[in-house]
Amino acid sequence: MAAVGAAAAMAAGGAIAFIAYQTDCCCYASTTSVVPVKKRPSTATSLTGEASCYIAGALTSHRRHITLVGDLLMYGTAPGLAEGSIHLQGANVELRDSEIRILRNGELAMSIVLENDDEADFWADRLSAAAFMCESLPKLISMHNRQRNEEFAAENKQISKMLSLKCRQFSEVEQKANDYEQVAGERSQEVRELQEKIATFADRAAEKEEEVRRARQEVEEEKRRLRTDRMHIESKVASATAEAASRRNEVAELYTEVINAETMAEEKEKLLKKMERAHLEKSHQMEEVQKRLLTMQKLLEQSEAKVVSRAITKGGVFFAEITALLDVGELATVVGPARRNRQEALKDCLELRKVAAKCTEDSKLLQVKKRKEELEEITWTVKDLGGRLLDGAEGPPPGFKPPSWMPSSVQGPPLGYVSPGKYREPVKPAAKEENSVYGFKTKKLVVECPDADVRELAPGGGDWESKAKVALQQAFKRFGPVLEVRLGFQSDDGQKVGCVRFASAKAVELAMGKSSRGWIAVADKHVRIRQPSADKEELRKFAAPRHEAPALEAPPSKKKLRPNERFASKQKAEAEDEPEAEPAKPAEPKPPPPTAPTPEPAPPPEPDRPTPLAADAESSAEDREVAKGEEEIAREMAGLLSKPFSQQKKALKAVRARWHPDKNPDSVEVATRVFQFIQAHDLILFLAGPAKDEWLQHHGEMQFGRSRREDNKEVKAQLAGLFPRRPITKDTERHGVGQWLRFWR
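Residue numbers (mature numbering (1 follows the signal peptide of the UniProt record, and there is no 0)): -17 to -1, 1 to 728.
Structure (C-alpha cells):
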C-alpha cells in the first residue's frame, strides 16, 4: 500500500512537473520571495528532509530543506517554504557515495549531499523513480484516456441508439395516445348521442305509456258502455219476449174468441176501423211533416244570405272574392289565391264560401284565411271542375235569396248552367217582367196546372189543398228538386192555377218532355201542365180538357244511366197512344201512293290521308329517320281503324306517347316531326263514317246529338272548337294538314 501511495504521489508530482515543464513554470534559485509548500491529498506520501544542497549558479552550497512531491523537487530555507524547485522530467540522477547529482541536458542542476549512504541511496531511488514515472505517466494517462474515450464513444453510441429508440417509442406512444384521445372523443360523442336518444326514447316511452293508459281507460269505458248496452238490450229482449208471449196469448185467446164467439163480424169491423184510424193518423202525420218542410223552405228562401262569392280578374289572373256580413254589422272581404283560369277561381269560391258561412261571428275571418292558405297548395284537376260541380259558385249559397247588401256585380249570375269555359258577363235580372206575376228567373223554373185538375186529385175532402200539394210534389220530384208548390195562384192570364217551382230549368224541360201532349200522371189521375216561359206556343197553353184521361204512362226506369246518356242531348219523348174521345168513322181503303225511299245526302268527299316522307340518297340522316318513323305510323294508323272500337283510343294513345318529344330527349327534332305526322291523322277518327260517329258519341267523345249526315254544320262547329285555327306551314302542307284545315274552314 505504501508503494502504491508512493507511486501515486510520484505520478501526481510528475503530472505537476509535466504541466510546469510544458508551461515553463519551473522555479529555480533566485531572489524571488519564498513560496510556502501546501500539502495536498496527493502529496501525503511526499519526502521531506534537510541536506546540504548546491544549486546551479550558486556560489556555495547551503543547508536547505528539500521536499519531493511527485516529480518536483522543491527546496527552501525553512520547512514548509519553497524558494525554488527542480522538475525531474528528463533529468538524470547520479549517486556518488553520499552525493546525489541531478543532471539536466548534461549539466549539473543540483547536488545534494546527505549524511550517510543509506539516506543517499533512498533519496537517489526516489528521485530516479520520480524521473522515470514522469516519463511513463503521460503514456499511461493517454492510454487511460483513450480507453475512457472509447468507452465514452461506445456509451454515446448506445445512448444515441437508446435515445432514438426511446424517441421512436415515445412518438408511437404519443400517436397511440392521440388515437386513443380521438377515439375517446368519438366514443364520448356517441355516448352523448346515445344518452340523447335514450332521453328521447324515454320521453316517447312515457308518451306511449300515457297513450296506452288512455287507450286502456277508453277500452274500459267502452267495455262498461257495452256491458250497460248489453244489459239494456237483454232487458229489452226479455221485455219484448214477455210482451210477445203475452201477445201470442192474446192472439190465441182472440182466435179462440173469434172462432167461438158469435160476434165475429163486429170484432172484425172494429179491427178494420182501428186500422183505418191508424192509416188516417199516419197520413195526417205525413201531411204535418210536409207542411213543416214547406214552411222551413219558405223561411229559408225568405232569409237573406250572409256570405256572397264571385270570381274576379286582375291583370289576366283570376281570384275568388268572398264578401261576408259579420254579426257585428260590418262587411269583410277575403280574396282567394291566384288561379290560371276562371274554373279554378269558381272552385275556390265554393270552398271559401262554405267556411265563411260558419264563422261570421269572427271579425277577422281567421278560418277563411287558413282555408285560403290550404288552397294555395292545392291544384284542381279536371275531375274537380267538370260537369255541374261549379253550379251556383257565384252569389249567395243555395236556398238563400240575394241579400240587399250584395254587390251589384254579383246580384245577376248567369241563368241555368253555363260552362266555366264559356263564361258570359253577369246579367242583372229584372224584378218582374212586364205584365207577369213571376220574376225573371222564377218564370223559367215554374210549371202550372189548372185549378180544376188539381181539385180532382183530392175530391170530397176538407183539407184537399195539403193532399193535392203532397200528390203534386210526389209526382214532380222525379224530374228534379221541387222547391215550392202553390195552389190557388193567379197566373199572368188571370186563370187560377197550381204552381210547381223547381230548383233548375233542366227539371222543367225534363217534365215537359215526359208529358204526353200536355198531360202528366199524378197519383192515379192525369193533370194538364204548361210552361209560361216556353219558346213553343203549344207548351205555353193548356191542352183541351177531355172526357177520358190518357192511359197511365209506365213508371220511370230505375236502371242507372250511363255517363254519356246523362250528359247527352235530351231526345224527345216518344208519343204515347191515347184513347180518342169519339170513335172515328172507318174510311174506305185507298191504295197507298207510290213512295220512293228518301235518298240520304251524300257525305262530303273525304280528303286524302297524310302521306309519309319519301327519303332518297341525298336526304340527311334526320330525314331518313323521320321517313322511317312516318312509314311505321302510316302502317299503324291503317290498322288502327280496323281494330275494335274499344281498342282504338288506347292504341292511339300508346302511339302518341311513344313518339312524344318529351319521351325522346335524345332525338327531339325527329320525334317532333313524327308527332306532327301523327296529329295529321287525328281527323281520320272523326271522319271515318257514321259507325265511328256513333261509337264516339257512345263514349262521350263527340256530343253532337245527331250524326254527321244529319247536321254537318254542327259537326263543323264542334270540330272548329277541337281544332283551332292555326297558320298553314310547310310541315302541315307536306303532311296534308293544310288540306284538312281548308276543308273544315
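Ideal Cβ positions, reconstructed from N, Cα and C, are used throughout, including at glycine.
What are the start and end residues of the beta strand (DSSP E) that includes residue i?
| i | result |
| --- | --- |
| K90 | One point to set straight first is that residue 90 is Glu, not Lys, in the sequence displayed. Note, E90: beta strand (DSSP E), E90 to V96. |
| A598 | Looking at the DSSP string, A598 is not in any beta strand (DSSP E), and its letter there is neither H nor E. |
| residue 790 | Because the chain here runs from -17 to 728, residue 790 falls outside it and cannot be looked at. |
| G59 | L55 to G59 |
| S68 | G67 to H70 |
| W502 | W502 to V505 |
| C482 | K479 to F485 |
| T594 | Counting along the chain, T594 falls outside any beta strand (DSSP E), and DSSP gives it neither H nor E. |
| residue 730 | Outside the shown range of the chain (-17 to 728) lies residue 730, about which nothing can therefore be said. |
| E77 | A74 to R79 |
| S35 | L30 to I38 |
| L348 | No beta strand (DSSP E) contains L348, which DSSP labels as neither H nor E. |
| L42 | Premise fails: L42 is in no beta strand (DSSP E) and is neither H nor E. |
| A441 | Run containing A441: none; DSSP gives neither H nor E here. |
Under a three-way DSSP split, which group does residue i fall into?
| i | result |
| --- | --- |
| L308 | strand |
| I49 | strand |
| K289 | coil |
| residue 729 | There is no way to answer for residue 729, as the model of the chain reaches only from -17 to 728. |
| Q473 | strand |
| K265 | helix |
| F135 | helix |
| K524 | coil |
| E559 | Summary for E559: the model assigns pLDDT 42, below 50, so the residue's position carries little reliability; its value from the coordinates is reported in the next sentence. Note: E559 maps to coil in three-state DSSP. |
| F383 | coil |
| F153 | helix |
| I295 | strand |
| F301 | strand |
| L64 | strand |
| G168 | helix |
| A315 | strand |
| E193 | helix |
| E360 | coil |
Here's the rule: buried if 16 or more other CB atoms are within 10 angstroms of the residue's CB, otherwise exposed. What is residue i?
| i | result |
| --- | --- |
| R151 | exposed |
| T362 | exposed |
| Y163 | exposed |
| S499 | buried |
| G319 | buried |
| residue 729 | With the chain represented from -17 up to 728, any question about residue 729 goes unanswered, as that position is not in the structure. |
| K427 | buried |
| G67 | buried |
| I616 | buried |
| A597 | exposed |
| Q514 | buried |
| K330 | buried |
| P433 | buried |
| R47 | buried |
| M258 | exposed |
| P442 | exposed |
| M214 | exposed |
| Q326 | buried |
| H262 | exposed |
| I181 | exposed |
If you follow the alpha helix (DSSP H) that residue i is part of, which residue opens it and which one closes it?
| i | result |
| --- | --- |
| L86 | Note, L86: premise wrong, no alpha helix (DSSP H); beta strand (DSSP E) at E82 to R87. |
| C332 | R325 to A339 |
| E492 | A488 to K497 |
| R438 | D434 to R438 |
| residue 729 | Residue 729 lies beyond the residue range present for the chain, which begins at -17 and ends at 728; the question has no answer from this structure. |
**Study point:** At least three beta-carbon pairs within less than 8 Å, the stretch 299 to 311 to the stretch 262 to 275
**Key:** no
Check your understanding: Which residue spans inside the stretch 606 to 650 form an unbroken alpha helix (DSSP H) run of at least 4?
Key -> Listed in chain order, the complete alpha helix (DSSP H) runs (minimum 4 residues) inside the stretch 606 to 650 are 628 to 642.
Check your understanding: With a cut-off of 8 Å, do at least 3 Cβ pairs link the stretch 123 to 135 to the stretch 50 to 59?
Key -> no
**Study point:** the stretch 334 to 351 in contact with the stretch 253 to 266 per 3-pair CB rule at 8 Å
**Key:** no
Exercise for review: Write down every uninterrupted run of the alpha helix (DSSP H) in the stretch 198 to 230 whose length is 4 residues or greater and which is fully enclosed by it, in chain order.
Suggested key: none
Practice item. Flag this pair as touching only if the stretch 481 to 495 and the stretch 462 to 472 have three or more C-beta atom pairs under 8 Å; answer yes or no. Key: Contact between the stretch 481 to 495 and the stretch 462 to 472 is established, with three or more Cβ pairs separated by less than 8 Å.
Review point. Three or more beta-carbon pairs under 8 Å between the stretch 621 to 631 and the stretch 603 to 613, yes or no?
Key: Pairwise C-beta distances place the stretch 621 to 631 out of contact with the stretch 603 to 613, as fewer than three of them are shorter than 8 Å.
Review point. Counting Cβ pairs, one atom from each stretch, are 3 or more of them under 8 Å apart for the stretch 78 to 89 and the stretch 100 to 113?
Key: yes
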